[in-house]
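Just so we're aligned, residue 1 is where the sequence shown starts under UniProt numbering, counting upward by one. All C-beta atoms, glycine included, are put in the ideal place defined by N, C-alpha and C. Inspection log for the structure reproduced underneath, given as structure tokens.
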Amino acid sequence: MSELKSSSKHAEGPTTEDRNLSSKLQSMKFMKRSAEQAKINDEKKREQKVISESHWRATYASSDMPREKPKTRVVYESSYLKMPKEGPSGDQVDIGRRSFKSFNKETDKLNEEYEERQRAEKLVEEGKKMAVDDQNMAKVLGSSKESRTRPAPPTSLRERNAEHKRRRQEK
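Take a look at the structure:
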């Protein structure tokens, strides 16, 4: 029975016992979560109280009564996902867990494996772009040599005339 009472006290909010705890203990995740939960519960109670009080209040659209702006509460949640971000050179820079001076060897190993996979995927994509299938290769190699080694068309009027004369002489 005493265990049930002590657990219900912690759910209601911080007590004098909680205030006497060490800072290391208070900085632990479960303690932070319980403190945050207590704040959320207090805020919900205040909101319910405001709603119940305003239920019977008549509101007028007069200029003498100041209007209260609703307060917005923003909750930030951390994520362990690696989010791609473009760097200055246009390449994607990976944002995620990092290890300072090889402090966390497992994180370093995971990052190296990820980077290696990315490099391999890039090589495969480049290989697909450069790959020529057998039919296209046979078509290109099977065509006559003249069509493959055709000189660039002349650009100036003199070059065109000289080319035209040369062709007449060949015929």
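Where THR155 falls: helix, strand or coil (DSSP): By one-based count along the sequence shown, residue 155 stands at place 155. Reduced to three states, the DSSP call for THR155 is coil.
Three-way DSSP call (helix, strand, coil) for ARG97 in this model: In the sequence shown, residue 97 corresponds to position 97, counting from 1. DSSP places ARG97 in coil when its eight states are reduced to three.
Alpha carbon of TYR114 to alpha carbon of GLU77, nearest angstrom: If you number the sequence shown from 1, residue 114 lands on position 114. If you number the sequence shown from 1, residue 77 lands on position 77. Straight-line Cα distance between these residues: approximately 24 Å.
At which residues does the alpha helix (DSSP H) containing TYR114 begin and terminate? Taking the first residue of the sequence shown as 1, we reach residue 114 at position 114. Unbroken alpha helix (DSSP H) run through TYR114: 105-130.
Indicate whether at least one CB of chain B lies closer than 8 Å to the CB of LYS165. The displayed structure is made up of one protein chain only, and chain B is not part of it.
How many Å lie between ARG160 and LEU141 at the Cα? Start at 1 with the first residue of the sequence shown, and residue 160 comes out as number 160. Start at 1 with the first residue of the sequence shown, and residue 141 comes out as number 141. ARG160 and LEU141: Cα-Cα distance of roughly 30 Å.
Of the choices GLU68, GLN48, LEU21, ILE40, whose alpha-carbon is the least far from that of VAL74? For the purposes of this step, residue 74 is taken as the residue at position 74 of the sequence shown. Scanning GLU68, GLN48, LEU21, ILE40 for the CA closest to the CA of VAL74 turns up ILE40.
Return the CA-CA distance between LYS49 and ASP42, expressed in angstroms with no decimal places. Sequence index remark: in the sequence shown, residue 49 carries index 49 (1-based). Sequence index remark: in the sequence shown, residue 42 carries index 42 (1-based). When only Cα atoms are considered, LYS49 and ASP42 end up about 10 Å apart.
Report all residues from its chain with a CB closer than 6 Å to the CB of PHE30; omit the five preceding and five following residues, and keep chain order. Indexing the sequence shown from 1 puts residue 30 at position 30. No residues qualify anywhere along the chain.
Can you tell me whether GLN169 is helix, strand or coil according to DSSP? Numbered from 1 along the sequence shown, position 169 holds the residue referred to as residue 169. DSSP places GLN169 in helix when its eight states are reduced to three.
Reduced DSSP secondary structure (H/G/I, E/B, other) of LEU25: Position 25 of the sequence shown, counted from the first residue, corresponds to residue 25. Correct three-state label for LEU25: helix.
For GLU68, does the three-state DSSP call read helix, strand or coil? The count along the sequence shown starts at 1 and reaches residue 68 at position 68. Note: GLU68 maps to coil in three-state DSSP.
Going by CA-CA distance only, name the one from GLU121, PRO153, SER99 that's closest to ASN111. Residue 111 sits at position 111 when you count from the first residue of the sequence shown. When each option's Cα is compared against that of ASN111, the closest is SER99.
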